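Chains as they are written, first to last, in this note's numbering: chain C, 1320 to 1798; chain L, 1320 to 1798.
Built from N, CA and C at the ideal position, the CB exists for glycine as well.
These numbers were taken from a predicted model, which means no experiment stands behind them.
A short write-up of the structure that comes next.
There are 2 protein chains.
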Amino acid sequence: MYAETRSESRKRLLEGDISICVVGLGRIGLPTATLFAEAGARVLGADINQDLVASLNSQKCQLTDEDGLPEMFSKVVAEGKLWATTHVSEAVSSADVIIICVPTPVDSAKVPDYSYVEAASHDIGKGLKPKSLVVVESTVGPGIVEDFIMPILEADSGLKAGLEFGLVSCPERADPGKIIQHMKEIPKIIGGIDPQSTEAAASLYENALGVKVVRVSDPKTANAIKLTENLFRDVNIALANEFAVLYERLGVDMIEVIKGCSTKYNFMPHYPGPGVGGPCLPSNPYYLIVESLKVGNIPHLIRLAREINDAMPDHVVDLISGALNDAGKTLKGSTISLLGLSYKPEVKDIQQSPMEKVLVELLRLGATVRSYDPMYKGEVVFGVKVEDTLQAAVEGSDCVVIGTLHKEFENLNLDAFVKTLNMPAAIVDTRNALDPGDVINHGFAYRGVGRPVGKWISSEADTKVGLVIDLDKRSKSRS
Amino acid sequence: MYAETRSESRKRLLEGDISICVVGLGRIGLPTATLFAEAGARVLGADINQDLVASLNSQKCQLTDEDGLPEMFSKVVAEGKLWATTHVSEAVSSADVIIICVPTPVDSAKVPDYSYVEAASHDIGKGLKPKSLVVVESTVGPGIVEDFIMPILEADSGLKAGLEFGLVSCPERADPGKIIQHMKEIPKIIGGIDPQSTEAAASLYENALGVKVVRVSDPKTANAIKLTENLFRDVNIALANEFAVLYERLGVDMIEVIKGCSTKYNFMPHYPGPGVGGPCLPSNPYYLIVESLKVGNIPHLIRLAREINDAMPDHVVDLISGALNDAGKTLKGSTISLLGLSYKPEVKDIQQSPMEKVLVELLRLGATVRSYDPMYKGEVVFGVKVEDTLQAAVEGSDCVVIGTLHKEFENLNLDAFVKTLNMPAAIVDTRNALDPGDVINHGFAYRGVGRPVGKWISSEADTKVGLVIDLDKRSKSRS
């Protein structure tokens, strides 16, 4: 595969003469394996998780929340184009292309954990055959492919990178829930350790997935691009959160502000919320921070953005406490219903979900917590059993918290809540799901991230709304 | 004007029966006055600067760098629709609408200076007649219109706001150089102290300028929107600068990174540079910071962004020192030519230009500084006389620094520089104006913000470029 021409690569793909080994069959690896199988390659998926491999080989797709994946997976497995194994080195030894899709998490002290990458590199090195191409889809810090993965591959294979095998970084840019669509539509950033590696990988992705390819100087540039675009999001969400907390105090509605700003050509809206979760945004900054520290540089802004986003669950607990206080209740002894546990809507993933911190803190403060999430019905999540229905979660509750805006929560019935909840009750909206005035008019105590309560309560004389009413009276008395 | 209907307002405008007083005739006020005059209003511009007023009344437009303004100004003045005066209260007393366009700078300790707003409010209050509408285009912190401007207007006029006169915040959103275009095209955010004020101002702007209007809850929301969109830019430029300085050390080219990131749908490119200048971005954050501190909130991210951007001129000096070092020279004793002094291209404005800090620091370190800027030929800027030509600025120089990318600097002739400069010489590019490889191939020592030198120097064995060359050799030996 390595150092083949573009047309050779295309010919082999069309003839089903390319074998690909995908190492790591999770959120990225399984769709990657499936897409390449669908494109005509023989794909062997390798994962150290025996249960997962057995499940896949019995044609069960784990990622039922990925649009279009289950159907595509069933098709390619039925056609015998994709199968799975726990024997990584063996699988590698028969592959033209090896794609690394293992997770790169951070540990509890926020230190990047490259142990999966390290183990995968050793397993691949042991099986690597000459002329093969190694593709790193896993997100790693700039320099990790060149300085960490490459030496392991070379040592364990006895082959020289850039001479006997190719190596590129091609970091995944797809969002959970839309992986299939994004892998075909979002251009792939490919940076190889040499031009032949880059070209080989570019040909493969262009031919197999029909995706545009952006060729960059080297693996570290590709990794810097991946991290920069994700950190852009993390920092901008932190900025939205900083504004939101401030505007709550200044009596300005952050949602109205975002709408207004969005009418300017050089503004991009980002929304405040309960924090940032998932496998990428809360971890990616630390991959860059650790490489920065190695060269004596402290990326203050990137680090501060993490601190701000990590502090949002505490702010949500403050909002819950404040709303309950308005309803004449204390956190201690109240029953609080968390709606939505996963880190984003319609995706079954609770990795680093801010709702975990909220839940743990509520329990610590003496509240009773019930939870409901349509993706986790009946399962135990964060130590609490998830109710089977929304109704069971909110019945007799003192406070409902919207933590994730799953579709089921998009049109909550506040009239029903009035009858079901233990009134006077509170509603805390971390996702801008409800109209604050509507919630307040239903008789609930209300808090929302970035949404100052006084804006919708006309009785508060010192708020702007009060002022408008005063002025209205004056205007009327004049006419 | 205040509490008139939309159609009444339109009718009066068409009949030339609206008189407007624009207070402050600078970068925002003069185009505002000119546009309303062109729309059919009788406009009286008021400014305390006698020279400016005399100049305008002799039909001389100060802002020759504003696209389309000089022609429009000449026309409305010739038609007798616009004239200027230093008597603010008198001008106000004959106006239906008063538009405040005075500057709101920060002092050297970064404290917002509302003295111009305060003085204008007193002058307006003294002349204010019933039923008039006061519009604040000046950028101020959330709450300043309600809690600072309104009480002054009421006390000095003896009239009640929201009853006897209207008051709105309608913060300008136009970029210097494109003020006329932006005032017509970028929607106006209008928040009044009561609905009648908002409607009166909305009618006026829609009818006169044909611009879209976004009606918001109150003045403080309008001001929050203005500050949020500008702070979004300041923070994102700070993030770009943080990445740039880091990537210089990691051997990654920031410009290549931005190009790569820009292929993702949820990324917005911002470019690193020598810092952030102008009347808005370096000041606006402090208007919000001071209001935040009043309510016990510290906006850490916004403040840190300012610190990062303010530190960039020092980084530029480091780059100059490094480039000269590569050329075998010290800063002390070298002649350094700064190309571009204004804070943005093609605009004659040096307010808070980062080039001032660069220049001062270079002088302090013992360099001889020459400067050239096509907007300031022959004038003394930052204590140094600006050369009349580019050639005069660079002849015999040891280092050329591109500080602002005026059109004249877009296609610099490096071949000519080789003959003119005191070789070995250095070129430092703070604006991504030149191709680094091209500069290096011409024999110059080179530095650029966010552009690691090793990327373009093949002789450095420990850089990536060196590695590529090694691998190329190996590949060739194999074939």
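Beta-bridge analysis with DSSP links L/P1431 to L/V1425. Judged by DSSP in its simplified three-state form, C/I1463 adopts helix. For C/Q1500, the closest C-alpha among the options C/E1473, C/M1391, C/G1596, C/P1461 is that of C/M1391. Membership of L/V1571 in any alpha helix (DSSP H) is not indicated, and neither H nor E is assigned to it by DSSP. In the structure shown, C/Y1605 adopts helical secondary structure according to DSSP, grouped into three states. If you look at L/D1734, you'll find it in the alpha helix (DSSP H) that goes 1733–1739. Pairing C/S1328 with C/S1413 gives a Cβ-Cβ distance that is not under 8 Å.
Among the residues facing chain C, L/K1583 is included, as its CB has a counterpart in that chain under 8 Å away. The C-beta of L/V1768 has 16 or more other C-beta atoms within 10 Å across all chains shown, which makes the residue buried. Taking a C-beta cut-off of 9 Å against chain L, none of the residues of the region 1694–1713 of chain C qualify. The Cβ-Cβ distance between C/I1419 and C/G1477 does not fall below 8 Å. For C/Y1566, the nearest beta carbon of chain L is closer than 8 Å to its own beta carbon. Contact holds between the region 1743–1750 of chain C and the region 1625–1645 of chain C, because three or more Cβ pairs, one in each stretch, are under 8 Å apart.
Assignment of L/V1411 by DSSP, reduced to helix, strand and coil, places it in the helix class. Think of a sphere of 8 Å around the beta carbon of C/C1580: the chain L residues whose beta carbon falls inside it are I1544, T1547, E1548, F1551, in chain order. Excluding the 5 residues flanking it on each side, C/S1661 has same chain C-beta neighbours closer than 7 Å at K1667, D1668, I1669, S1672, D1692, M1694, T1723, in chain order. Listed along chain C, no residue sits closer than 7 Å to L/E1665 by beta-carbon distance, the nearest being about 18 Å off. The alpha-carbon separation between C/L1643 and C/D1717 amounts to approximately 8 Å. For C/P1506, at least one C-beta of chain L is nearer than 8 Å to its own C-beta. Within the region 1632–1679 of chain C, the runs of beta strand (DSSP E) at least 3 residues long that lie entirely inside it are, in chain order, 1654–1658. Around the beta-carbon of C/E1334, fewer than 16 other beta-carbon atoms lie within 10 Å, marking it exposed.
C/I1498: member of the alpha helix (DSSP H) spanning 1498–1504, first to last residue. Contact with chain L is absent for C/D1386, since none of that chain's Cβ atoms lies less than 8 Å from the residue's Cβ. For C/K1448, none of the residues of chain L pass the 7 Å Cβ criterion, the least Cβ distance being about 16 Å. Spanning the alpha carbons of L/V1372 and L/V1464 requires a straight line of approximately 27 Å. Scanning chain L for C-beta atoms nearer than 8 Å to the C-beta of C/L1558 yields L1550, F1551, V1554, L1620, I1621, reported in chain order. When the alpha-carbon of L/S1602 is set against those of L/T1649, L/L1650, L/Y1584, L/K1545, the nearest one is in L/K1545. Three or more beta-carbon pairs drawn from the region 1471–1488 of chain C and the region 1447–1462 of chain C are found closer than 8 Å, and the two stretches are therefore classed as touching. When C-alpha distances from L/D1494 are compared across C/R1492, C/K1583, C/Q1381, the shortest belongs to C/K1583. Interface flag for L/E1561 against chain C is set, since a Cβ pair is found closer than 8 Å. Per the coordinates, the alpha-carbon of L/R1534 lies some 22 Å from the alpha-carbon of L/G1348.
Here C/G1510 is actually not in contact with C/P1470; their C-beta atoms are around 18 Å apart, not less than 8 Å.
C/R1689 counts as buried, since at least 16 other C-beta atoms from the protein chains shown sit within 10 angstroms of its C-beta.
Residue contact check for L/N1526 against chain C: no CB pair falls below 8 Å.
Short of 6 Å from the beta carbon of C/N1555, and not among the five residues preceding or following it, lie these beta carbons of its own chain, in chain order: H1589. Inter-residue distance for L/L1354 and L/A1519 is about 18 Å (C-alpha atoms, whole angstroms).
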